[in-house]
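Enquirer: Numbering-wise (this note's numbering), the sequence shown opens with residue 1 and increments by one. Got a structure for you, written out below as structure tokens; questions coming shortly.
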Amino acid sequence: MLNILAISGSLRAASTNSALIAALAANAPADCRVTVYDGLGRLPIFNPDDEGERTPPEAARLIDAVTRADGVIVSCPEYAHGVPGGMKNALDWLVSRDAAVDKPAMLVHASPRSFFARAALAEIMRTMSFALHEEAALEIALLGKKPPEIEAILAKAENRQAMREAIQAFAGFIGAR
Ligand SMILES: Cc1cc2nc3c(=O)[nH]c(=O)nc-3n(C[C@H](O)[C@H](O)[C@H](O)COP(=O)(O)O)c2cc1C
């Protein structure tokens with residue numbers, strides 16, 4: 001059983017990225033458990049003075065969850081052509097640790113146009129030594145959709161199939177390492 005941690009970079013209640021992450025968890029193949037990380041909004045702002053023994057509990061929880069996961073999936077919006085602060089903050093807590101080193105990771109996309117953030121996130125995560133599964137390119141266009149429509153799109157058979165296949169491909173990437 002593979003243990004995959006899924007992180008949405010949006011705190012919005014009606015977030016398309018969070019909906020995609022929840023749907024991935026619901027549609028995971030039987031041999032993969034996808035757990036949704038829900039602490040992004042509670043993480044203090046990263047401060048290198050607060051590492052080691054002073055690591056705040058919420059940051060320790062994130063570091064532990066990433067350490068224990070066989071792989072990490074991120075779905076993240078783009079704000080002003082960049083990675084939203086909350087997501088970057090979470091990643092910053094993982095920089096000077098072993099948690100991210102060689103940790104398989106995959107990006108998925110709920111917006112068809114977040115190209116700056118995608119490139120920035122990939123660059124950041126590669127720099128942190130995540131093993132990024134670059135071939136996986138799951139994109140389900142949910143930009144601007146309201147929750148009932150999001151739910152309907154994510155419930156479509158072809159999208160459920162695409163989510164299953166993306167996780168299966170990621171599981172293969174993890175297994176081959
Ligand atoms: C402050 C802010 C800045 C944004 N800047 C961009 C941007 O530069 N490029 C873009 O494609 N979308 C931009 N957007 C749109 C979001 O990326 C889009 O609404 C996304 O679906 C939000 O994700 P969520 O539904 O998970 O919250 C911006 C949205 C906000 C709130």
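Note that CB positions come from ideal geometry on N, CA and C, so glycine has one too.
Out of Ala131, Ser8, Thr35 and Ala100, point me to the one whose CA is closest to Val83's CA.
Expert: Selected option, being the one with the closest Cα: Ser8.
Enquirer: Out of Leu5, Ala110 and Cys32, state which residue places its alpha-carbon closest to the alpha-carbon of Arg164.
Expert: Looking at the Cα atoms, Cys32 is the closest of the given residues.
Enquirer: CB of Ser111 to nearest heavy atom of ligand 1: below 7 angstroms?
Expert: Ser111 Cβ: within cutoff of ligand 1.
Enquirer: Leu24: which of Ser96, Arg160, Tyr79 and Leu11 sits nearest, CA to CA?
Expert: The option with the nearest alpha carbon to Leu24 is Arg160.
Enquirer: Mind checking whether Tyr37 and Ala14 have CB atoms under 8 angstroms apart?
Expert: No; because the gap between Cβ atoms is not below 8 angstroms, this pair is not in contact.
Enquirer: Any contact of the stretch 99-119 with the stretch 131-147, i.e. 3+ C-beta pairs under 8 angstroms?
Expert: As far as the Cβ criterion goes, the stretch 99-119 touches the stretch 131-147, which means the pair count is three or higher.
Enquirer: Which class does Met125 belong to by DSSP, given the choice of helix, strand or coil?
Expert: Met125: helix per DSSP, three-state reduction.
Enquirer: Should Asn89 be listed as close to ligand 1, given that the test is whether its C-beta is under 7 angstroms from any heavy atom?
Expert: No, ligand 1 has no heavy atom inside 7 angstroms of this Cβ.
Enquirer: So if DSSP puts Ile63 in a beta bridge, which residue, or which two residues, is it bridged to?
Expert: Bridge partners of Ile63: none, in fact.
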